[in-house]
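Student: Residue numbering for the sequence shown follows my numbering, starting at 56 and increasing by one per position.
Don't be surprised by glycine CBs; every beta carbon is placed ideally from N, CA and C.
Please find one structure pasted underneath; my questions will follow.
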Amino acid sequence: MFDARLRPLIDPPLDRIAGRLHRAGISADAVTVAGFALGAGAALAIVFGQFLIAFALIAANRLADGLDGALARCVGATDRGGYLDIVLDFAFYGLVPLAFAVHDPPANALAAGALLTAFYINGAAFLAFAIMAQKRGLTSEAQGKKSLFYVAGLAEGAETVAVFLVMTALPGWFAALACAFAALTALSAAARIVAGATALR
């Protein structure tokens with residue numbers, strides 16, 4: 056919901072940092088993979104109850120996620136880069152709730168399962184529409200320049216990261232936060248399904 060509104064604020068500083076990384080010979084794909092490693096480290100930190108470390112690693116993961124796109128704009132986006140970006144983003148989004156479930160199964164497993172189910176449905180709506188939009192030649196830069204065209208939703212990257220950060224700051228509230236965000240994500244998925252079906256009529 057907020058991704059498109061944040062782009063004008065975050066893109067200029069990211070572009071400046073990306074320019075330096077590009078001159079240093081660092082590729083967008085390398086930043087994507089490094090960002091995922093940071094996200095996986097955050098999940099591992101959650102499993103062991105190191106929530107402050109997890110908070111910092113999630114923030115670093117999101118910085119890397121912004122930088123890889125900025126680097127891609129420096130040299131031109133590639134299909135491989137777009138593919139790695141979306142797959143590893145989805146992997147990261149799944150690892151964080153799973154990590155909370157592993158950390159404290161009695162308290163967190165059911166809520167984590169609900170959130171992962173909502174993520175799964177939302178991801179299916181997101182990616183299925185992108186495939187059909189590609190077949191029809193539909194494009195949009197409403198979310199910034201992306202490797203694929205998708206229907207915007209209520210629960211996008213900015214909201215997900217914000218919730219993950221709050222979860223690591225207040226781990227005792229995970230179950231309540233996960234259930235609330237699962238409901239928002241399910242609503243976002245439903246809206247995407249309706250909007251996508253309407254656009255493809």
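1. Do you know how far the Cα of aspartate 123 is from the Cα of alanine 245?
2. Would you call the CB atoms of valine 88 and leucine 126 closer than 8 Å?
3. Counting C-beta neighbours from all protein chains within 10 Å, is the total for phenylalanine 106 16 or more, i.e. buried, or is it exposed?
4. What are the boundary residues of the alpha helix (DSSP H) that includes proline 161?
5. Go through its chain and collect everything with a Cβ distance to glycine 149's Cβ below 7 Å, but skip five positions before and after it.
6. In three-state DSSP terms, what is arginine 247?
7. My assumption, with CB atoms under 8 Å, is that valine 221 sits in contact with leucine 239. Please give the rounded CB distance.
8. With DSSP collapsed to three states, give me the class of glutamate 211.
9. Kindly indicate which residue of His158, Gly121, Leu153 has the alpha-carbon position closest to the one of aspartate 140.
10. From leucine 99 to alanine 146, what does the alpha carbon distance come to, in whole angstroms?
11. Check for me: the alpha helix (DSSP H) holding alanine 109 runs from which residue to which?
12. How would you call phenylalanine 103, buried or exposed, if buried means at least 16 neighbouring beta carbons within 10 angstroms?
13. I need the DSSP call for threonine 223, collapsed to helix, strand or coil.
14. May I ask you to report which of helix, strand or coil DSSP gives phenylalanine 103?
15. Does threonine 133 come out as helix, strand or coil in the three-state DSSP assignment?
16. Using the rule of at least 16 other Cβ atoms within 10 Å of the residue's Cβ for burial, across every protein chain shown, is threonine 223 buried or exposed?
Tutor: Quick answer:
1. 30 Å
2. no
3. buried
4. 160-191
5. Leu171, Phe174
6. helix
7. 13 Å between Cβ atoms; not a contact.
8. coil
9. Gly121
10. 14 Å
11. 106-130
12. exposed
13. helix
14. coil
15. coil
16. buried
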